[in-house]
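Trainee: The structure follows.
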Amino acid sequence: MNNKLIPISLALATILAVWACNKEKMFTTDPGVKLEFSLDTLRFDTVFTELGSATRLLKVYNRHDKSVKISRIRVGKGDQSNFRINVDGIPGNEVRDVVIFPHDSIYVFGEVTVDPDQPLSVSPFVITDEIIFELNGNEQSVTLEAWGQNANYFPNRWFKNGEASFSCNGGEIVWDDPKPYVIYGRIEIRDCNLRIPAGARIHVHGGLGKQEFDMDSVRIFNTGLLAIHPSASLLVEGTQDNPVIFQGDRLEEEFQDADGQWFGIYLEQGSRGNRFEYAIIKNPLFGIFADSAAELTLKNTQILNASGSGLIGIHSDITAENCLFADNGNRAVQIGFGGTYDFTYCTLASFGVDAPALSLSNGICDDPLCSTGRVFPLNALFRNCIIYGSRRDEISLSDFTGGEEPNTFNYNLKNCIVRVKDLVNPDEFPDFFDFCDPCINATPDSTLFVAPNEDDYRLDTLSIAEGRAVPVFGIFTDLVGTLRDADHPDIGCYEYVPE
Numbered sequence: 001m002n003n004k005l006i007p008i009s010l011a012l013a014t015i016l017a018v019w020a021c022n023k024e025k026m027f028t029t030d031p032g033v034k035l036e037f038s039l040d041t042l043r044f045d046t047v048f049t050e051l052g053s054a055t056r057l058l059k060v061y062n063r064h065d066k067s068v069k070i071s072r073i074r075v076g077k078g079d080q081s082n083f084r085i086n087v088d089g090i091p092g093n094e095v096r097d098v099v100i101f102p103h104d105s106i107y108v109f110g111e112v113t114v115d116p117d118q119p120l121s122v123s124p125f126v127i128t129d130e131i132i133f134e135l136n137g138n139e140q141s142v143t144l145e146a147w148g149q150n151a152n153y154f155p156n157r158w159f160k161n162g163e164a165s166f167s168c169n170g171g172e173i174v175w176d177d178p179k180p181y182v183i184y185g186r187i188e189i190r191d192c193n194l195r196i197p198a199g200a201r202i203h204v205h206g207g208l209g210k211q212e213f214d215m216d217s218v219r220i221f222n223t224g225l226l227a228i229h230p231s232a233s234l235l236v237e238g239t240q241d242n243p244v245i246f247q248g249d250r251l252e253e254e255f256q257d258a259d260g261q262w263f264g265i266y267l268e269q270g271s272r273g274n275r276f277e278y279a280i281i282k283n284p285l286f287g288i289f290a291d292s293a294a295e296l297t298l299k300n301t302q303i304l305n306a307s308g309s310g311l312i313g314i315h316s317d318i319t320a321e322n323c324l325f326a327d328n329g330n331r332a333v334q335i336g337f338g339g340t341y342d343f344t345y346c347t348l349a350s351f352g353v354d355a356p357a358l359s360l361s362n363g364i365c366d367d368p369l370c371s372t373g374r375v376f377p378l379n380a381l382f383r384n385c386i387i388y389g390s391r392r393d394e395i396s397l398s399d400f401t402g403g404e405e406p407n408t409f410n411y412n413l414k415n416c417i418v419r420v421k422d423l424v425n426p427d428e429f430p431d432f433f434d435f436c437d438p439c440i441n442a443t444p445d446s447t448l449f450v451a452p453n454e455d456d457y458r459l460d461t462l463s464i465a466e467g468r469a470v471p472v473f474g475i476f477t478d479l480v481g482t483l484r485d486a487d488h489p490d491i492g493c494y495e496y497v498p499e
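Going by this note's numbering, the first residue of the sequence shown is number 1, and it counts up by one from there.
Written as structure tokens, this is what we have:
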């Protein structure tokens, strides 16, 4: 080598070494530095009818004045995931030491493979995962979502934050497709009837949604809601052999009895003509919420495993026959601010819950401390019903007038089985059994159900409910179609059947 080139080479090597060191120093190590993303959810909205794949694009931004080095970008479930990623041309479900220069960005391509013919345990209705970005000791993530089954999804990804309204200008929407219906987000039915025929399967994907109005206003809400506008009605037309089932979208065994998987069914103020026959509503936060002046008829319907109350009526009009309200995290039936209610041959069961099976109130509080409230007349009738559970008192009564306006607090229970103790104390409702007549006040040792600890509310061989009801014209069968005894039927939603 020419001796004259040696000093030049050494100088160049020194410059390169110094440049490399300075380049390393240019990476910010500030743990407060965050990446920005073009999407918070990378959603694949293709509904696959056979094995197939789809690809979507995510941009990741460095909005800062220094370069960032992302130590790791990975898919949450790794090689077990349905999703794969490609980071700026580098494939793999884990990519390390990814550099983004100041005010620059990179592309992350997400791909999913779906086989809708796989069982739900392998390919659920909604497949989820996340892309995790590790930067300066912190993690950020982007959600991955894809439709895993050949189903009808409402709404779709074009509705921001999963909120949408459907209208048919006074007509009718019929959910009669043999494929399941998956409610993904919050949908409201307006200006039409939604009719759901026998055998329909309605699965609801729940979670939290976020809506940003401006820099200082963000609304967090529960998703997985079916709302019926005052101009609409919901007609559920199940049969004994083909009930209509509303439940979450996770059908694996461990999710069968898990509560709070979706929000619920909300009948908005003034919604009329809502009717459920042979419906099963499982795993919501609440089953049905009938708001002020809403009208609801329930026949042969079950509301089970709600994390809150099964049925809520606020100043509403509800008729229920042959219905089961059980295994809910709060009240089986919660009635407030008055209204008109007629329950016949119903079972309200509440075990292992610090809340009564039934609460009745003619008022509503205007503030959290209930320093002021409003009263609306209550008219409630229960015939041939079981209201029972593990608490000393399975009925709660609240008269906002303190008994000064008795015409605003009317309740009658006839031929019912109840469990009350402290309720009849002198400072509570000592005349309760004047309005619950004839009634049986059951004890903890009373025999009623086959196995309530196993969610079996059929009547036991020695049940005190057998033959104690009074026939009601027009109701000749029980919840599952068993003929009721013409002269001495059984109390509750089930008629005893000898084995």
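Yeah, the Cβ is synthetic: ideal placement off N, Cα and C, and Gly gets one too.
Decide yes or no for the touch test of the region 262-270 against the region 297-304: beta carbon pairs closer than 8 Å, at least 3 of them.
Mentor: Short answer: they don't touch.
Trainee: Helix, strand or coil, according to DSSP, for residue 412 in the structure here?
Mentor: Three-state result, residue 412: strand.
Trainee: When DSSP labels each residue in this structure, what does residue 499 get in the three-state scheme?
Mentor: Coil, per DSSP.
Trainee: Suppose contacts are defined by Cβ-Cβ distances below 8 Å. Is residue 187 in contact with residue 166 by that definition?
Mentor: Yes, these two residues count as a Cβ contact at 8 Å.
Trainee: Could you give the C-beta distance for residue 144 and residue 130, rounded to a whole number, given that I count them as a contact under 8 Å?
Mentor: The Cβ separation is near 6 Å, so the contact holds.
Trainee: Does DSSP classify residue 247 as helix, strand or coil?
Mentor: Of the three classes helix, strand and coil, the one that applies to residue 247 here is strand, per DSSP.
Trainee: Within its chain, find whatever has a CB closer than 7 Å to the CB of residue 87; leave out the 5 residues flanking it on each side and keep chain order.
Mentor: Counting only Cβ-Cβ distances below 7 Å, and skipping sequence neighbours, we find 73, 95, 98, 106 and 108.
Trainee: Look at the alpha carbon of residue 410 and the alpha carbon of residue 480, and state the distance between them as a whole number of angstroms.
Mentor: Straight-line Cα distance between these residues: approximately 31 Å.
Trainee: Excluding five sequence neighbours on each side, which residues of the same chain lie with their C-beta closer than 8 Å to the C-beta of residue 456?
Mentor: Within the same chain, residue 456 has close Cβ partners 449 and 450.
Trainee: Does the Cβ of residue 470 have 16 or more other Cβ atoms within 10 Å, making it buried, or fewer, making it exposed?
Mentor: It counts as exposed.
Trainee: Is residue 139 near residue 198, with beta carbons less than 8 Å apart?
Mentor: Not closer than 8 Å, so no.
Trainee: Would residue 458 and residue 491 be called neighbours here (beta carbons separated by less than 8 Å)?
Mentor: No.
Trainee: Given a cut-off of 8 Å on the beta-carbon distance, is the pair residue 443 and residue 463 in contact?
Mentor: No, they are not a contact pair.
Trainee: Taking DSSP's pairing of strands, which residues face residue 326 in a bridge?
Mentor: According to DSSP, which records beta bridges pairwise, residue 326 is partnered with 304.
Trainee: DSSP three-state call for residue 423: helix, strand or coil?
Mentor: Here residue 423 sits in helix by DSSP.
Trainee: In angstroms with no decimal places, state the Cα-to-Cα distance between residue 244 and residue 180.
Mentor: Spanning the two alpha carbons is a distance of roughly 11 Å.
Trainee: Measure from the alpha carbon of residue 383 to the alpha carbon of each residue in 404, 337, 401 and 472, then state which is nearest.
Mentor: Comparing Cα-Cα distances from residue 383 to each of 404, 337, 401 and 472, the minimum goes to 472.
Trainee: Can you name the start and end residues of the beta strand (DSSP E) that residue 97 belongs to?
Mentor: That run of the beta strand (DSSP E) goes 94-100.
Trainee: Here's the rule I'm using: 16 or more other beta-carbon atoms within 10 Å means buried, otherwise exposed. How should residue 367 be labelled?
Mentor: Residue 367 should be labelled exposed.
Trainee: For residue 282 and residue 330, what's the separation of their Cα atoms in angstroms?
Mentor: Approximately 14 Å between the Cα atoms of the pair.
Trainee: List the whole-angstrom C-beta distance separating residue 307 from residue 359, where the pair is believed to meet the contact cut-off of C-beta under 8 Å.
Mentor: Actually they do not touch by this definition, with Cβ atoms about 17 Å apart.
Trainee: Among residues of its own chain, excluding the 5 on either side of residue 487, which ones have a beta-carbon nearer than 6 Å to its beta-carbon?
Mentor: Same-chain partners within the cutoff: there are none.
Trainee: For residue 151, which of 142, 178 and 381 has the nearest alpha-carbon?
Mentor: Of the listed residues, the one whose Cα sits closest to residue 151 is 178.
Trainee: Taking DSSP as the reference, what is the three-state secondary structure of residue 406?
Mentor: Looking at residue 406 - three-state DSSP - the assignment turns out to be helix.
Trainee: Is residue 82 closer than 8 Å to residue 47 when the C-beta atoms are compared?
Mentor: For residue 47 and residue 82, no; Cβs fall outside 8 Å.
Trainee: What is the DSSP secondary structure of residue 197, reduced to helix, strand or coil?
Mentor: In the structure shown, residue 197 sits in a strand (DSSP, three-state: E or B).
Trainee: For the beta strand (DSSP E) containing residue 83, name the first residue and the last one.
Mentor: 83-87 is the extent of the beta strand (DSSP E) around residue 83.
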